[in-house]
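Chemist: The following block contains the structure, expressed as structure tokens.
Chains as they are written, first to last, in my numbering: chain A, 1 to 355; chain B, 1 to 266.
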């Protein structure tokens, strides 16, 4: 449930003025048809020991993931977001089989990852923004040759995939360069290629654009879109950069405190977060606050007034009405800030139950 | 077949990774030579006072010193093999990447370490050994068979050495940091392998114990075969038994570690 009425003071940012009208439980857009990735009430509980005295320690349970259920269809591109410590990485580690869930049922391509990690590894690709699978001291191509052996990729297939990645990710000049000499953006592209040589059916990316410059980010995003369009690769992307989601994903899942708090299209987040747009009007002179429900004045500064109204509603009738009733000089509409919507979602204490 | 080629590729990579750093290799050769000289003069002084100490004559004692310097890096007697990297990967959570791979963790690291060991034997071991043999009277075998048998013991020593270091590295899953374990490994390694003094000079029960510990496979065992003081077959059996035991223990610890231990870092 989103907390109502926390209005940031003094900042002329539209979203700060949003007054949340929360009415929980809206989620949409779960993968239609057969689930390629299926989670049914998956839990992960860690036991944490804390020192309480010289010799005494207290054993406490931390629920990193709590009754998490969702389905991702083959070929979907899903953004997985949440604040630090929300359980994103834990989920990805369970999906790849390096952590065993404490409870619930988890399947990827019909395989239980924790039990058949090595078999599943042939079918998935994993990329970490902050870690690398490449051989640090050796030229990039050596790591790719190793992938060739490790995944037993048929020669022709390997050649074809490598050529394609080299072309699309512009790695041609880098193949003979030791990985330690690559820039972060170059290394990231190198890592993405390494994860795709064996034609994985699903690609997990953990913050693939972290620390990259604008051009490198755009290149990575474009490559992911192409990959999905051409190969139908399922993509699960965790990120803190909402532009990644906006430009790559058709669906977004928000996780907090180990629970799903939103699952649906990115646009739906505005509605789910009860976000509002703000109409800024400049009048001829100072006037008392304009009355034009459902919009309400959230700020007045001399002849300028800020009116908040639900994001889903058209601004046209409101503008027409104000123009007709008041001496209007100028106006502008500020779109709600998606980051602020999500920040408020993270701040909300009681999570919305997923469907 | 396919798997064998993968690990061969990993080993080749391990070899080439260490071969990349030529200045480090040259510095290593220099260090081994200097330490060899210091030890040789120390040993000679000792053997002057106690001739035939441990059953060695002066030439054999000198040979033992240069053999130790030749094997020190390759067998990572004081550490310095792939365990440093493995510990770092466990500590930072990069180990997650290794676990995502469709490859066996232990074989992967073993292959990489063997590649490293072979490079360091050639790159760092041969030069000080040859130099030492030219400067001092040494007792080297003249038949190819003994040399071949000796190389066999060095190969087995590489397996035993990895077996020990892999266990130490895996302890990081529980200890969260490997520095303490590495320090202990270094001291134990130097003392128990015979790096400081040949194990056959150790008196009484202490000598009996260190001679059956796995570390005696590292330096004492190859030295015994090279100096003609032990048969190859018995030495092979002793080393192989420790290699199998340690590698199996590593496998067991690995399965416990990957099943129930937290992979660190987000």
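C-beta atoms are modelled at their ideal positions from N, C-alpha and C, and glycine is treated no differently.
1) Quick one, which residues of the region 168-182 of chain B are near chain A if we go by CB-CB under 7 angstroms, in chain order?
2) Give me the Cβ distance between residue 258/A and residue 63/A, rounded to the nearest whole Å; I'm assuming they're in contact under 8 angstroms.
3) For a contact defined as C-beta to C-beta under 7 angstroms, what are the partners of residue 102/B on chain A?
4) Smallest Cα separation from residue 121/B: which of 201/B, 26/B, 70/B and 233/B?
5) Under 7 angstroms between beta-carbons, which chain A residues line up against residue 13/B? List them in chain order, please.
6) Which runs of the beta strand (DSSP E), 3 residues or longer, sit entirely within the region 161-227 of chain A?
7) Note down, in chain order, every chain B residue with its Cβ under 8 angstroms from the Cβ of residue 98/A.
8) With contact counted as at least three CB pairs below 8 angstroms, one residue from each stretch, are the region 74-81 of chain A and the region 241-256 of chain A in contact?
9) On the DSSP bridge list, what partners appear for residue 240/B?
10) Which residues in the same chain as residue 175/A place their Cβ atom closer than 6 angstroms to its Cβ, once the five residues preceding and following it in sequence are excluded?
11) Is any beta-carbon of chain A found at less than 7 angstroms from that of residue 5/B?
12) Which residues does DSSP list as the beta-bridge partners of residue 70/A?
13) When the Cα atoms are used, what is the spatial distance from residue 182/B to residue 35/A?
14) Which two residues bound the contiguous beta strand (DSSP E) that contains residue 161/B?
15) Please confirm if residue 360/A has its CB atom under 7 angstroms from at least one CB of chain B.
16) Under 7 angstroms, Cβ to Cβ, is there at least one residue of chain A near residue 25/B?
17) So is residue 52/B buried or exposed if we call it buried at 16+ other beta carbons inside 10 Å?
18) What's the gap between the Cα of residue 145/A and the Cα of residue 184/A?
19) Residue 253/A bridges to which residues according to DSSP?
20) Residue 101/B by DSSP, collapsed to three states: which one?
21) With residue 93/B as the anchor, note down where its beta strand (DSSP E) starts and where it stops.
22) Taking the straight line between their C-alpha atoms, what separation do you get for residue 132/A and residue 305/A?
23) Give the interface partners of residue 10/B over in chain A, defined as CB-CB distance under 9 angstroms, in chain order.
24) Excluding sequence positions up to five away, which residues of its chain have a Cβ less than 6 angstroms from the Cβ of residue 230/B?
25) Under 7 angstroms between beta-carbons, which chain B residues line up against residue 126/A? List them in chain order, please.
26) Quick one: what's residue 238/A bridged to in DSSP?
27) Assign residue 92/A to one of three DSSP states: helix, strand, or coil.
28) Mind checking if residue 91/B is an interface residue toward chain A, Cβ cutoff 7 angstroms exclusive?
29) Smallest Cα separation from residue 357/A: which of 153/A, 93/A, 192/A and 154/A?
30) In chain A, what lies closer than 7 angstroms to residue 16/B by C-beta?
31) Of all the beta strand (DSSP E) runs that stay within the bounds of the region 197-250 of chain B, which reach a length of 3 or more residues?
32) Between the alpha carbons of residue 38/B and residue 132/B, how many angstroms are there, rounded?
33) Measuring CB atoms only, is the region 308-319 of chain A touching the region 286-295 of chain A, in the sense that at least three cross pairs come out at less than 8 angstroms?
34) In this structure, how does DSSP classify residue 187/B when only helix, strand and coil are distinguished?
35) Please name the residues in the region 224-246 of chain B whose beta-carbon is closer than 9 angstroms to at least one beta-carbon of chain A, in chain order.
36) Is the beta carbon of residue 333/A less than 7 angstroms from the beta carbon of residue 277/A?
Modeler: This is what the structure holds:
1) none
2) 5 angstroms
3) 118, 121, 122, 150 and 151
4) 70/B
5) 135, 138, 142 and 146
6) 202-206
7) 96, 99, 100, 258 and 263
8) yes
9) DSSP lists no partner for residue 240/B.
10) 140 and 141
11) yes
12) 39/A
13) 47 angstroms
14) Not the beta strand (DSSP E): residue 161/B falls in the alpha helix (DSSP H), residues 144-170.
15) Since the first residue of chain A shown is 1 and the last is 355, residue 360/A is not available in this structure.
16) no
17) exposed
18) 21 angstroms
19) 80/A and 263/A
20) coil
21) Counting along the chain, residue 93/B falls outside any beta strand (DSSP E), and DSSP gives it neither H nor E.
22) 51 angstroms
23) 146, 149 and 150
24) 224
25) 100
26) 80/A and 206/A
27) helix
28) no
29) Lying before the first or after the last residue shown, residue 357/A is absent from chain A, which here runs from 1 to 355.
30) 138
31) none
32) 12 angstroms
33) yes
34) helix
35) none
36) yes
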